[in-house]
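S.K.:
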Amino acid sequence: MKLWLLALLLLGVLLSAAMAEQHPRDRRSANHFADMEEDDDDDDDGDDEDEYAEEEVDVAQKEQQQKEIINPCTEKVCRRGELCTVDKKHRAKCICIPQCETPPPDDNRYQVCSKRNVTYQSECELDRDHCLCRRRQDGCSRPGIGKIRLDYYGPCQDLTPCSDREFKEFPGRMREWLFVVMQQMAQRAEIPDYLDLLEKARHEGNHSHAVIWKFCDLDQDPHDRFVTRRELMYTVQSLKALEHCLIPFLDQCDANADGQITLKEWGTCLGLQRDSIRDECKTIRRAAGREEK
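Take the sequence shown: its letters are residues -20 to -1, 1 to 273, numbered as in mature numbering (1 follows the signal peptide of the UniProt record, and there is no 0).
#1: Please report how far the alpha carbon of residue 244 lies from the alpha carbon of residue 257, in whole angstroms.
#2: Nearest to residue 246 by alpha carbon, out of 63, 155, 133?
#3: What beta strand (DSSP E) runs, 3 residues minimum, are completely inside the stretch 181 to 250?
#4: If you draw a straight line from the C-alpha of residue 151 to the C-alpha of residue 144, how long is it?
#5: Determine the burial state of residue 57: buried for a count of at least 16 other Cβ atoms within 10 Å of its Cβ, exposed for fewer.
#6: Taking the straight line between their C-alpha atoms, what separation do you get for residue 197 and residue 69?
#7: On the three-state DSSP scale, how would you describe residue 62?
#8: Please name the residue or residues paired with residue 99 in a DSSP beta bridge.
#9: Would you kindly report the start and end of the unbroken beta strand (DSSP E) that includes residue 131?
#10: Are the beta-carbon atoms belonging to residue 62 and residue 74 less than 8 Å from one another?
#11: What three-state label does DSSP hand residue 76 in the structure shown?
#12: Sorted by chain position, which residues of the same chain lie with C-beta nearer than 6 Å to residue 139's C-beta, five sequence neighbours on each side aside?
#13: What do you reckon, is the C-beta of residue 165 under 7 Å from a heavy atom of the ligand PLP?
#14: With a threshold of 16 other CB atoms inside 10 Å of the CB of residue 214, please say whether the residue is buried or exposed.
#15: Report the three-state DSSP secondary structure of residue 119 (helix, strand or coil).
#16: If you drop the 5 nearest sequence neighbours on each side, which residues of the same chain put their C-beta closer than 7 Å to that of residue 108?
#17: When you compare only the Cα positions, how much space is there between residue 137 and residue 149?
#18: According to DSSP, is residue 57 part of a helix, a strand, or is it coil?
#19: Since I believe residue 158 is in contact with residue 187 (beta carbons under 8 Å), could you give me their beta-carbon distance rounded to a whole number of angstroms?
#20: Look at the alpha carbon of residue 255 and the alpha carbon of residue 248, and state the distance between them as a whole number of angstroms.
#21: Who are the near neighbours of residue 130 in its chain, counting only those whose CB is closer than 8 Å to its CB and skipping five residues on each side?
In structure tokens form, the structure reads like this:
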């Protein structure tokens, strides 16, 4: 009986020792999983940082793509007869116009005449030929010619010289034509001050207000009260084929042959009296909704 009790006591001691050894292992295991969870949290933080980094890279890539999308031709200035294109390196480059839109064959309204009396189907064709010849490229219609300039709108024709009688009558025809043009523009604009100017010209025998209006209209850039040959260019190109006295008339208006026409010269050659020649350009531009430059 004593031996049996002794054996039970010994077994209890052994079991207690075994349990004492097992608890630290359990605690270590629990701590281990906690450490693993903390490690997992650390790994998650790293993934978030990688995601942020990827987002930053994506934003940078998008910005770069946007830069590439911007057309470099927007800031490129090409010359007459040229257009801008983008090369393989995404650089702006000016080339001669490859092809112009072809107008209807039976419609000569688009035709223009060059200074060398050559008819082109359109102003685009003339400018394209100018570019090809200036660059000495294939397709130039006049090899060896550096410049091809527009003389007037419409097909080339034999312009008869201005006779003395026609030249004498020209100022009156010009005043009437200016009044008609101003009348049409005033009616389209529907500006009270502009219409008031028209009424003044209507009741004048020599349409002096129409004459002064046209001078101010021609004096574009800068508004310096001088009309230069360049400022007259479009008017000449538009009317030369219709009015062959225009060029001799403008030459006479430039009394001192300095290449520009003053308001006084303009009014005098159009037959206005000296007291009728008044600088009204600022008032006229204000009425038309434009400002002085």
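C-beta atoms are modelled at their ideal positions from N, C-alpha and C, and glycine is treated no differently.
M.R.: Taking the geometry as given:
#1: On the sequence shown, residue 244 is found 264 positions in, with the first residue counted as 1. On the sequence shown, residue 257 is found 277 positions in, with the first residue counted as 1. When rounded, the distance between both Cα atoms is 7 Å.
#2: To locate residue 246, count along the sequence shown from 1; it is residue 266. Residue 155 is the option with its Cα nearest to residue 246.
#3: 206 to 208, 240 to 242
#4: Taking the sequence shown and counting its residues from 1, the one referred to as residue 151 is at position 171. Taking the sequence shown and counting its residues from 1, the one referred to as residue 144 is at position 164. Rounded to the nearest angstrom, the two C-alpha atoms are 13 Å apart.
#5: Position 77 of the sequence shown holds residue 57. Exposed, because fewer than 16 other Cβ atoms sit within 10 Å of the Cβ of residue 57.
#6: As a working note, residue 197 is residue 217 in the sequence shown. As a working note, residue 69 is residue 89 in the sequence shown. Each residue's alpha carbon lies about 45 Å from the other.
#7: Residue numbering aside, residue 62 sits at position 82 when the sequence shown is read from its first letter. It is a strand residue.
#8: Position 119 of the sequence shown, counted from the first residue, corresponds to residue 99. Residue pairing by DSSP puts residue 99 in a beta bridge opposite 93.
#9: Along the sequence shown, one-based indexing puts residue 131 at 151. Taken as a continuous stretch (DSSP letters only), the beta strand (DSSP E) holding residue 131 covers 130 to 133.
#10: To locate residue 62, count along the sequence shown from 1; it is residue 82. To locate residue 74, count along the sequence shown from 1; it is residue 94. Cβ atoms of residue 62 and residue 74: closer than 8 Å.
#11: If you number the sequence shown from 1, residue 76 lands on position 96. In the structure shown, residue 76 sits in a strand (DSSP, three-state: E or B).
#12: Counting from 1 along the sequence shown, the entry for residue 139 is found at position 159. Cβ neighbours of residue 139 beyond the five flanking positions: 224.
#13: Judged by which ligands are present, the structure shown has none, so any question about the ligand PLP falls away.
#14: Start at 1 with the first residue of the sequence shown, and residue 214 comes out as number 234. Exposed, since its Cβ has fewer than 16 Cβ neighbours within 10 Å.
#15: Indexing the sequence shown from 1 puts residue 119 at position 139. In this structure, residue 119 counts as coil in the three-state DSSP scheme.
#16: Position 128 of the sequence shown holds residue 108. Excluding sequence neighbours, residue 108 sits near 61, 76, 77, 80.
#17: Numbered from its first residue, the sequence shown carries residue 137 at position 157. Numbered from its first residue, the sequence shown carries residue 149 at position 169. Rounded to the nearest angstrom, the two C-alpha atoms are 23 Å apart.
#18: Translated into positions along the sequence shown, residue 57 becomes position 77. Residue 57: coil per DSSP, three-state reduction.
#19: Start at 1 with the first residue of the sequence shown, and residue 187 comes out as number 207. Start at 1 with the first residue of the sequence shown, and residue 158 comes out as number 178. At roughly 7 Å, the Cβ-Cβ gap stays under 8 Å, so residue 187 and residue 158 are in contact.
#20: Counting from one through the sequence shown, the residue named residue 255 turns up at place 275. Counting from one through the sequence shown, the residue named residue 248 turns up at place 268. Their backbone Cα atoms lie some 11 Å apart in a straight line.
#21: Taking the sequence shown and counting its residues from 1, one reaches residue 130 at position 150. The answer, listed in chain order, is 92, 93, 94, 95, 103, 106, 217.
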